[in-house]
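By the UniProt record's numbering, the letter at position 364 of the sequence shown is numbered 364, and the numbering carries on one by one without gaps.
Let me begin by presenting the structure, written as structure tokens, before commenting on it.
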Amino acid sequence: MSDNNLKELISAVAARQAEFADLIVALAPDLSSQSILPTDLALELSTALHDLEERATGHDPLYRLVNDHTAPALALNESGQVVALNVGAAQLFDMQSGDGLVALGISPEAFHQFKERLASTQGPTLLKAYRKGSDEHTLPLILVGMYQQKLKTFVLNALQQHWPESIDLAFADVFGLSASERHILALLSRGCSSEEIAEERGSSVATVRQQIKSLLQKLGAKSQVQAATMAASAATAMDTVKAKGDLLSAHYDDYPMSIHEVVRDHRRIGWRRFGRPGGQPVLLLHGPSFGAGDFPDERRLASQFGLDVIAVERAGYGRTEPSDKSEDPLESQCHDILAVLGSLSISRVTILSHEVALIPALALLKQPGIAINGIVSVSAAPPFKELEQINAMPAHQAIFIQAARHAPWLARLMVRLLILRMRKLGPEQWPKVIFEGVEPDEHIIRKNSLRQGVIAAYGFYINQLGAGYLEDLRIMIQDWGHLLDAPNLPLTLIHGDCNASTPVPHLSIFRGINPDLTIELVEGEGLTLAVSQTERLYKALATMANASGNRLAREHG
């Protein structure tokens with residue numbers, strides 16, 4: 001195949017105008033080399049992919065939200081997670097996509113008040129932020145924020161001489177400034193002295209100075225210069241705001257999710273927390289389809305059932321860096337999880353695993369220092385012991401497992417093309433790469449009630465260009481059946497009877513390895529039951545956690 005033809009085929013696959021199978025046929029002469037890609041072919045593929053990725057990034061609607069601004073700008077989803085940011089914001093806050101309010105120094109209470117203002121008055125409003133290492137005497141950074149209904153996203157710009165009513169009211173709300181103090185702040189921003197302000201307001205200089213002193217205390221500013229700089233920057237930035245933004249629905253998502261990280265062996269491990277603090281500890285191990293707490297119902301039901309959910313971002317997803325290629329990927333994931341739980345002094349958990357994440361969930365049973373009440377596993381596939389299992393899957397899913405088994409370099413290429421497809425589809429339509437043509441999943445994932453979660457999960461999967469998918473392929477193609485031999489552990493597999501990825505007959509492989517596990521079939525559901533049957537899953541978790549607690553109480557009674 002000529003270089004031009006190869007580039008055209010790569011572009012067609014990325015645009016979903018050709019199938020992955022077409023690419024494999026074209027590359028067939030080179031597939032005899034399972035681990036080493038010929039140098040000339042590697043160069044051509046790399047060049048073609050780089051060009052496509054540059055174009056796809058530029059067309060990404062989340063990317064455009066923040067990169068149309070010269071000032072530092074970022075976008076948050078409704079749970080407070082950064083889903084996009086430009087270079088200025090990344091440098092200003094020393095953060096990256098996937099970080100949360102903690103990285104911005106924004107409290108959950110302040111974020112709630114910010115959303116309340118956007119739900120009550122259309123127009124931009126303010127939010128205080130702080131850079132890492134800031135203390136109580138540090139002048140806050142002021143962000144002007146608007147809501148974008150289409151992408152269910154808050155767009156925040158760093159403030160840079162007049163401001164509209166909505167910003168004036170925000171100064172009153174955020175800082176508790178009176179009308180007099182806001183007027184004085186506006187005059188300070190224009191460079192007026194105390195004497196000039198007194199003349200303007202018809203007040204004594206002493207009164208103005210006292211008002212300025214109170215103003216500085218409320219702003220957290222050390223001097224009039226700092227206060228004036230803050231106000232002037234706000235005014236200048238507002239001149240660049242072309243749109244008012246949308247009015248946030250009064251029924252906005254207000255079930256928070258906090259974003260954190262730990263460091264293990266110089267690797268960043270991201271994790272999230274939601275539900276009821278101090279409740280029954282639940283470890284959520286996400287799969288490759290539905291994020292990690294990104295759907296509002298997950299956070300609402302966790303709180304309702306009294307569950308304290310710790311969602312560890314597995315290697316290659318979100319912010320967690322992939323494991324070293326010399327390290328066993330499954331062992332590395334276990335150590336990542338234990339590092340997070342250890343930082344929280346949590347030693348006993350109930351586990352919810354999605355799809356392939358059943359494997360690290362079971363592997364944790366072999367690890368010291370953790371006790372597991374039980375596992376609720378959703379839409380898991382059994383070990384691939386028979387070729388029929390792969391052949392029964394939708395072709396656009398099965399081909400990745402076949403590639404990983406045959407030639408790792410081909411799997412890497414296909415995953416990068418998968419991410420390109422996701423970028424071209426965008427934050428609202430990206431699940432098509434998994435569910436298009438697969439029912440009932442395609443119908444379910446398009447429901448408006450799931451739209452916010454779909455958009456929120458987008459960045460989680462594309463942040464590291466599919467490194468997480470590759471990590472999963474590495475552990476899926478291993479023979480992990482021995483991990484299922486876990487006597488006396490409550491293990492419930494919840495599975496849709498219309499699951500096209502793992503048809504019901506293949507579940508007999510699970511029972512053949514461990515006859516004691518429980519399989520619950522859900523009528524009319526497919527792979528998407530992880531988000532369509534959330535209440536059922538969280539109720540099962542609460543029941544399992546409470547049963548374990550009662551059993552332990554009797555044993556120690």
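All C-beta atoms, glycine included, are put in the ideal place defined by N, C-alpha and C.
These figures come from a predicted structure and were not determined experimentally.
- DSSP places L473 in no beta strand (DSSP E) but in the uninterrupted alpha helix (DSSP H) bounded by 467-476.
- In the structure shown, A89 falls within a helical segment according to DSSP collapsed to helix, strand and coil.
- R416 counts as buried, since at least 16 other C-beta atoms from the protein chains shown sit within 10 angstroms of its C-beta.
- P408 and L470 have their C-alpha atoms spaced approximately 9 Å apart.
- The Cβ neighbour count for E195, taken over all protein chains shown within 10 Å, is under 16; the residue is labelled exposed.
- Nearest neighbour of Y252 by Cα position, chosen from I513, H495, T39, K115, turns out to be K115.
- Straight-line spacing of the CA atoms in H112 and Q91 works out to 26 Å.
- From the listed residues L185, Q389, Y538, N514, the smallest Cα separation to N499 is found for Q389.
- Proximity to A411 across T350, F274, F20 peaks at F20, based on C-alpha coordinates.
- Straight through space, the alpha carbons of V82 and R272 are spaced by roughly 13 Å.
- Beta-bridge partners assigned by DSSP to E520: I494.
- Boundaries of the beta strand (DSSP E) around E261: 257-264.
- For R131, same chain residues with a beta-carbon under 8 Å away, outside a window of 5 residues either side, are L92, F93, D94, G105, T138, L141 in chain order.
- For Q402, the CB contacts under 8 Å within the same chain, skipping 5 residues up- and downstream, are I390 in chain order.
- DSSP lists T153 as the bridge partner or partners of Q148.
- Around the beta-carbon of T502, 16 or more other beta-carbon atoms lie within 10 Å, marking it buried.
- The continuous stretches of beta strand (DSSP E) do not include R64, which lies in the alpha helix (DSSP H) extending over residues 61-67.
- Here H354 carries a strand assignment [DSSP, helix/strand/coil].
- Look at W430 here: in three-state DSSP terms it is coil, with no helix or strand label.
- A contact between stretches requires three or more CB pairs, one per stretch, nearer than 8 Å, and the stretch 439-450 fails this requirement with the stretch 298-307.
- Distance from R276 to D308 at the Cβ level is roughly 6 Å; contact confirmed, criterion being Cβ atoms closer than 8 Å.
- Contact between the stretch 423-437 and the stretch 506-522 is absent, with fewer than three C-beta pairs closer than 8 Å.
- Assignment of beta-bridge partners to Q367 by DSSP yields no partner.
- Below 8 Å, too few C-beta pairs join the stretch 335-349 and the stretch 454-469 to call them touching: fewer than three.
- Between G318 and N514, the gap from beta carbon to beta carbon reaches 8 Å or more.
- Put simply, the backbone Cα of G374 is about 6 Å away from that of L491.
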